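Peer 1: In this note's numbering, the protein residues as written are -12 to 492. In this text, a Cβ means the ideal position worked out from N, Cα and C, and glycines have one as well. Values in this document were obtained by computation on a predicted structure and should not be read as measured data. Sharing a structure here in structure tokens format.
Here it is in structure tokens:
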């Protein structure tokens, strides 16, 4: 195009020169000679200008466009593997400088190859576009990303997609993975055909799982492969031997069966009011019964890593609320505390999970205490504060569990909408023999009271410790001094016997 324009200009210049040359010499003024000189100069300069300036710029533009096509997927426009890895390396450099974390989530929307083969590439490409747009929409619209730096979505080899989420820890990554799966797995229509995609995700976190981009991608891919092998929705890389990974897959399979067959049960550990010596409430603790059963310390972390914790938490909340209402009908009016993981706290359905359960059972929200650990609340404090404040405004009580064991700034404590602080048993057990523990507990109780919060101490096993806690101003305690966790029937029996003894005293 540019060459054509220059040719037209040159032809025009030549025509004008011929016109001037055929004029009689006396009629040629100085201006005419100047015009002729300019035209001659233009004829010489125009080609030189084109080849020295225009052509290199045009070539550079073409090269940039070619590089853009090489670095981006032509169908989705997402970064290809080389560019994505370059972006990942940049984010890891930033994270190393800021001492923060970076999450890499690989997504495999299974079955796209079969769709290409059976329904044609046009339909297959439509499915790929749907997956890409669904992932981008989650990253663009999800409230969890409002508290993170901008995420990056890429399309790697084959039909593997990737999400790079700066400042996202494992709990946040699990939420993101679940949101992506829900968005991608939703049935959609392509030319009158309903398509169902079931995607799998694998997660790796910097610096927990790798210290460079290549290793992080490799480990996320290993987690993805392990998830597909075990038929799981998602797995986070854990760096253990394959035998242990196989063990984890086995546990997940058994846990799914336990949920379906109602082998999970809630046990209740009483909370005692030190001022009245009355039972003020109970903490609901999940147990996995039967020969297949495992300790919560073993299966809860795996449930959190694989996404099963969401399903378990919904069941726990519904069961605790149901039991609280059942006891109320039989004359036992106590408060029940429910533990919530970081994953559940940051889930979009978190508030409705509690309000819906109370609505169904017609239970006052004030009868339920939501216990969140300090670490969970501090993963993304702004979002945690927002969620807890919304829940508290509806009448639920909020307890900050394991206070003092985390690493959060005290400046956030004044913003967390809590009603009580729960002292970890690691501080409580030795307060009668270790003056440092005694001073620490005294300080925390004083801080809580200054902020108009009540305190609960867990792990109380001796009368001396209970008396010391009462002297320090702690309001409530729980522990084996009073009772181990009991199933619902045993708890009711224990409660009535205790109240009967106290009533006769």
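(1) I need the straight-line Cα distance from residue 449 to residue 416, nearest angstrom please.
(2) Quick check on the burial criterion: 16 or more other C-beta atoms within 10 angstroms. Buried or exposed for residue 231?
(3) Can residue 179 and residue 93 be called in contact, C-beta distance under 8 Å?
(4) Three or more C-beta pairs under 8 Å: does that hold for the region 242 to 257 against the region 468 to 483?
(5) Does the region 335 to 354 come within contact of the region 370 to 380, defined as at least 3 CB pairs closer than 8 Å?
(6) With three or more beta-carbon pairs closer than 8 Å as the criterion, would you say the region 312 to 319 touches the region 281 to 290?
(7) Taking the Cβ atom as the reference point for each residue, do residue 462 and residue 412 lie within a distance shorter than 8 Å?
(8) Can you confirm whether the region 71 to 86 touches the region 161 to 175 when touching is taken to mean that 3 or more C-beta pairs between the two stretches lie within less than 8 Å?
(9) Just to check my reading of the structure: residue 457 and residue 261 have Cβ atoms closer than 8 Å, yes? What is that Cβ distance to the nearest angstrom?
(10) Hey, how far is the Cα of residue 299 from the Cα of residue 356?
(11) In whole angstroms, what separates the C-alpha of residue 125 from that of residue 258?
(12) Mind checking residue 193: buried by the 16 CB within 10 Å criterion, or exposed?
(13) Where does residue 467 fall in DSSP's three states?
(14) So the alpha helix (DSSP H) residue 381 belongs to, where does it begin and stop?
(15) May I have the straight-line CA-CA distance separating residue 127 from residue 278, to the nearest angstrom?
(16) Can you tell me which residues form a DSSP beta bridge with residue 142?
(17) So residue 146 packs on residue 101, CB below 8 Å; how close in whole Å?
(18) Can you tell me the Cβ-Cβ gap for residue 165 and residue 268, rounded? I've got them flagged as a contact below 8 Å.
(19) Within the continuous beta strand (DSSP E) that includes residue 257, where are the two ends?
(20) Do residue 89 and residue 184 come within 8 Å of each other at the CB atom, strictly closer than that value?
(21) Can you give the Cα-Cα distance for residue 111 and residue 389, rounded to whole angstroms?
(22) Return the CA-CA distance between residue 459 and residue 438, expressed in angstroms with no decimal places.
(23) Less than 8 Å between the CB atoms is what I'm expecting for residue 443 and residue 428, so what's the real figure, rounded?
(24) Could you compute how far the alpha carbon of residue 313 sits from the alpha carbon of residue 340?
(25) Quick check: the Cα distance between residue 228 and residue 400, rounded to an integer number of angstroms?
(26) Residue 355 CB to nearest chain D CB: under 8 Å?
(27) If you run the structure through DSSP and keep just helix, strand and coil, what is residue 482?
(28) Measure the C-alpha to C-alpha separation of residue 204 and residue 359 and round it to an integer number of angstroms.
(29) Out of 84, 382, 87, 118, which has the shortest C-alpha to C-alpha gap to residue 99?
(30) Taking the alpha-carbon of residue 106 as reference, which of 237, 322, 305, 177 has the nearest alpha-carbon?
(31) With residue 440 and residue 406 assumed to form a contact (beta carbons below 8 Å), what rounded beta-carbon distance in angstroms separates them?
(32) Name the DSSP bridge partner or partners of residue 355?
(33) Quick one: using the 10 Å Cβ neighbour count with 16 as the cut-off for buried, is residue 384 buried or exposed?
(34) Considering only the beta carbon of each residue, do residue 151 and residue 75 sit closer than 8 Å?
(35) My output table needs one value for residue 110: the three-state DSSP class, helix, strand or coil.
(36) Under 8 Å by Cβ, that's how I've got residue 423 and residue 266 pegged, so tell me the actual separation to the nearest angstrom.
Peer 2: Looking at the atomic coordinates:
(1) On the chain shown, position 462 is the one that residue 449 refers to. On the chain shown, position 429 is the one that residue 416 refers to. C-alpha separation (whole angstroms): 9 Å.
(2) If you number the chain shown from 1, residue 231 lands on position 244. Caution applies to residue 231, whose pLDDT of 45 falls short of 50 and renders its modelled position unreliable; the value that the coordinates give is listed next. Counting Cβ neighbours within 10 Å, residue 231 comes out exposed, since fewer than 16 surround it.
(3) To locate residue 179, count along the chain shown from 1; it is residue 192. To locate residue 93, count along the chain shown from 1; it is residue 106. Going by C-beta atoms, residue 179 is not nearer than 8 Å to residue 93.
(4) Taking a cut-off of 8 Å for Cβ pairs, the region 242 to 257 and the region 468 to 483 touch, as three or more such pairs fall below it.
(5) The region 335 to 354 makes contact with the region 370 to 380; the number of CB pairs closer than 8 Å reaches 3 or more.
(6) no
(7) For this step, residue 462 is matched to residue 475 along the chain shown. For this step, residue 412 is matched to residue 425 along the chain shown. With contacts defined by Cβ atoms closer than 8 Å, residue 462 and residue 412 do not form a contacting pair.
(8) no
(9) Sequence index remark: in the chain shown, residue 457 carries index 470 (1-based). Sequence index remark: in the chain shown, residue 261 carries index 274 (1-based). Contact holds; Cβ gap of about 4 Å.
(10) Here residue 299 corresponds to residue number 312 of the chain shown, with the count starting at 1. Here residue 356 corresponds to residue number 369 of the chain shown, with the count starting at 1. Our two residues, residue 299 and residue 356, have alpha carbons roughly 18 Å apart in a direct line.
(11) Within the chain shown, numbered from 1, the residue matching residue 125 stands at position 138. Within the chain shown, numbered from 1, the residue matching residue 258 stands at position 271. Going from the Cα of residue 125 to the Cα of residue 258 covers about 42 Å.
(12) Taking the first residue of the chain shown as position 1, residue 193 is located at position 206. Burial call: buried.
(13) By 1-based counting over the chain shown, the position of residue 467 is 480. When secondary structure is reduced to three states using DSSP, residue 467 falls in the coil class, being assigned neither helix nor strand.
(14) One-based indexing of the chain shown puts residue 381 at position 394. Taken as a continuous stretch (DSSP letters only), residue 381 belongs to no alpha helix (DSSP H), as it is neither H nor E.
(15) One-based indexing of the chain shown puts residue 127 at position 140. One-based indexing of the chain shown puts residue 278 at position 291. Taking the straight line joining both Cα atoms gives about 45 Å.
(16) By one-based count along the chain shown, residue 142 stands at place 155. Bridge partners of residue 142 according to DSSP: 148.
(17) Along the chain shown, one-based indexing puts residue 146 at 159. Along the chain shown, one-based indexing puts residue 101 at 114. Going by Cβ atoms, the distance from residue 146 to residue 101 rounds to 11 Å, so no, they are not a contact pair.
(18) As a first step, residue 165 must be located in the chain shown, where it is residue number 178. As a first step, residue 268 must be located in the chain shown, where it is residue number 281. The Cβ separation is near 31 Å, so there is no contact.
(19) Residue mapping note: residue 257 aligns to position 270 of the chain shown, counting from 1. Element bounds for residue 257: 251 to 260.
(20) In the chain shown, the residue the question calls residue 184 occupies position 197. In the chain shown, the residue the question calls residue 89 occupies position 102. Their beta carbons are not under 8 Å apart, which means residue 184 does not touch residue 89 by this criterion.
(21) Counting from 1 along the chain shown, the entry for residue 111 is found at position 124. Counting from 1 along the chain shown, the entry for residue 389 is found at position 402. Whole-angstrom Cα-Cα distance: 50 Å.
(22) Translated into positions along the chain shown, residue 459 becomes position 472. Translated into positions along the chain shown, residue 438 becomes position 451. Spanning the two alpha carbons is a distance of roughly 16 Å.
(23) Locating residue 443 in the chain shown gives position 456, where the first residue counts as 1. Locating residue 428 in the chain shown gives position 441, where the first residue counts as 1. With 8 Å as the limit, residue 443 and residue 428 do not qualify as a contact, their Cβ atoms being about 12 Å apart.
(24) Residue numbering aside, residue 313 sits at position 326 when the chain shown is read from its first letter. Residue numbering aside, residue 340 sits at position 353 when the chain shown is read from its first letter. Near 19 Å, if we compare the C-alpha coordinates of residue 340 and residue 313.
(25) Taking the first residue of the chain shown as 1, we reach residue 228 at position 241. Taking the first residue of the chain shown as 1, we reach residue 400 at position 413. Only weak support is given to the placement of residue 228: the predicted model assigns it a pLDDT of 40, under 50, and the question is left unresolved by the model.
(26) Reference to chain D is not applicable here, since this structure consists of a single protein chain.
(27) Position 495 of the chain shown, counting from 1, holds the residue named residue 482. Residue 482: helix per DSSP, three-state reduction.
(28) Counted from its first residue, the chain shown places residue 204 at position 217. Counted from its first residue, the chain shown places residue 359 at position 372. So the two alpha carbons sit approximately 32 Å from each other.
(29) The residue you call residue 99 lines up with position 112 of the chain shown. When each option's Cα is compared against that of residue 99, the closest is 118.
(30) Taking the first residue of the chain shown as position 1, residue 106 is located at position 119. The shortest C-alpha separation from residue 106 is found at 177.
(31) Looking up residue 440 in the chain shown gives position 453. Looking up residue 406 in the chain shown gives position 419. Yes, they are in contact, since the Cβ atoms of residue 440 and residue 406 sit about 7 Å apart, within 8 Å.
(32) If you number the chain shown from 1, residue 355 lands on position 368. In the DSSP output, where bridge partners are listed per residue, residue 355 has 323.
(33) If you number the chain shown from 1, residue 384 lands on position 397. Around the beta carbon of residue 384, 16 or more other beta carbons sit within 10 angstroms, so the residue counts as buried.
(34) For this step, residue 151 is matched to residue 164 along the chain shown. For this step, residue 75 is matched to residue 88 along the chain shown. The answer is yes: Cβ separation under 8 Å.
(35) For this step, residue 110 is matched to residue 123 along the chain shown. The answer is helix: DSSP assigns residue 110 an H, G or I state.
(36) The residue you call residue 423 lines up with position 436 of the chain shown. The residue you call residue 266 lines up with position 279 of the chain shown. That belief does not hold up - the Cβ atoms of residue 423 and residue 266 are roughly 32 Å apart, past 8 Å.
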